[in-house]
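Here the sequence shown stands for residues 64 to 316, numbered as in our numbering.
Structure first, commentary second.
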Amino acid sequence: MSDEYKNRVVLISGSSSGIGEQTAYKFAEIGDIVIVTYHLNKEQGERVVRKCLELGAKDSLALSLELMQDESIKNLVQQIVSKYGRIDILINNAGKLGKGNLSEQSFDDISKQIKTNLEGLIKLTHQCLPYIKESIINVGSALGLSAKGGLSVYSATKFGVRGFSQSLAKELSGIRVYTINPSLTATNMGGQTGLPPEQVAEIIKKAALGQYKAKFGADINVREYLHGETGRLFYLIGRKLKRLIRIILRQHQ
Numbered sequence: 064m065s066d067e068y069k070n071r072v073v074l075i076s077g078s079s080s081g082i083g084e085q086t087a088y089k090f091a092e093i094g095d096i097v098i099v100t101y102h103l104n105k106e107q108g109e110r111v112v113r114k115c116l117e118l119g120a121k122d123s124l125a126l127s128l129e130l131m132q133d134e135s136i137k138n139l140v141q142q143i144v145s146k147y148g149r150i151d152i153l154i155n156n157a158g159k160l161g162k163g164n165l166s167e168q169s170f171d172d173i174s175k176q177i178k179t180n181l182e183g184l185i186k187l188t189h190q191c192l193p194y195i196k197e198s199i200i201n202v203g204s205a206l207g208l209s210a211k212g213g214l215s216v217y218s219a220t221k222f223g224v225r226g227f228s229q230s231l232a233k234e235l236s237g238i239r240v241y242t243i244n245p246s247l248t249a250t251n252m253g254g255q256t257g258l259p260p261e262q263v264a265e266i267i268k269k270a271a272l273g274q275y276k277a278k279f280g281a282d283i284n285v286r287e288y289l290h291g292e293t294g295r296l297f298y299l300i301g302r303k304l305k306r307l308i309r310i311i312l313r314q315h316q
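See the structure below:
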């Protein structure tokens with residue numbers, strides 16, 4: 064049996080739709096045990112579970128998760144550990160997006176984003192740590208690399224996720240920790256425009272399985288990795304050449 068086929072227990076937060084849903088299918092296709100979490104829509108979670116089983120998952124469960132509630136986090140992990148005894152891979156994907164300038168957002172808007180995108184992510188990781196065997200993948204955002212106006216709170220949480228990954232990687236031994244940073248993706252959160260979520264999911268899967276050479280704690284920026292690590296090299300060279308050309312043109316104006 065290849066290293067890719069190991070019947071891992073894979074927990075994916077926010078996996079009843081979007082990037083998380085497509086990530087669940089990627090791990091189902093290689094025969095893993097896929098734990099799907101949903102917030103409000105149980106039927107949606109169960110639909111994803113049925114498809115995971117059709118695709119070849121060894122087993123799959125749909126479990127409720129509210130990242131703003133400590134007891135929900137604890138109960139989720141307890142249910143998984145009671146049934147399987149371990150969590151091989153944790154993928155922190157769930158998130159909330161609040162649009163608008165900071166002055167337009169309520170305390171509740173701010174709190175939901177921070178508690179879901181950062182505090183809840185950290186707490187879920189904390190609860191899973193004693194059982195994790197292989198990888199922790201935190202889904203960040205291109206807005207955690209370069210912020211835009213109107214998304215200040217969301218961007219702050221995603222910058223925070225990157226810092227968490229970098230520090231956690233230094234604390235742990237033998238566990239892969241990465242931040243995956245997608246740009247605009249065609250999901251409900253992204254307004255159904257941008258990258259196909261299955262492309263992002265494929266990169267998440269490869270990172271979790273150790274198929275990239277990136278240092279633990281590193282950022283894996285989706286657009287750089289869309290065509291593999293060789294493609295990433297050409298992408299980075301092209302970006303540097305564009306910067307160099309702009310500098311030369313400015314000097315000759």
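Ideal Cβ placement from N, Cα and C applies to all residues, glycine included.
Only a predicted model underlies this, so the values are computations on that prediction, with no experimental measurement involved.
Here the C-alpha atom of S218 lies approximately 8 Å from the C-alpha atom of S204. A Cβ-Cβ distance of about 17 Å is found for the pair I238 and V202, leaving them out of contact under the 8 Å criterion. Closest in C-alpha terms to L181, from the list L208, Q141 and S228, comes S228.
Measuring C-alpha to C-alpha distances from I143 to each of G223, E117 and I75 identifies I75 as the nearest.
Following the DSSP letters along the chain, one finds A125 inside the beta strand (DSSP E) bounded by residues D122 to S127. Within 10 angstroms of the beta-carbon of N284 lie 16 or more other beta-carbons, which makes it buried. Residue pairing from DSSP places L258 in a beta bridge opposite T248.
If you draw a straight line from the Cα of I93 to the Cα of S166, it comes to about 46 Å. For the 9 Å CB-CB criterion, L187 and L128 form a contact. Secondary structure at I238: coil, using DSSP grouped into helix, strand and coil. Beta-bridge annotation (DSSP): S198 is paired with I152 and R239. When the five nearest sequence neighbours on each side are left out, the beta carbons in the same chain lying within less than 7 Å of the beta carbon of T248 are those of I82, G257, L258, P260 and V263, in order along the chain.
Note on L103: under 16 other CB atoms within 10 angstroms of its CB, so exposed under the neighbour-count rule. The Cβ-Cβ distance between G183 and I154 does not fall below 9 Å.
Annotation: the region 161-213 contains the following complete segments of the beta strand (DSSP E) (minimum length 3 residues), in chain order: 195-202. Note on geometry: alpha-carbon atoms of E287 and N70 lie some 29 Å from one another. Ranked by Cα distance from Q85, the options C115, D95, E106 and V72 are led by C115.
As computed with DSSP, N70 is found in no beta bridge at all. If you compare the alpha carbons of G148, V72, Y241 and G273 with that of I200, the shortest gap goes to Y241. For Y101, the enclosing beta strand (DSSP E) covers residues I96 to Y101.
A residue is called buried once 16 or more other Cβ atoms fall within 10 Å of its Cβ, and K211, having fewer, is exposed. Only buried fits R225, as 16 or more other CB atoms lie within 10 angstroms of its CB.
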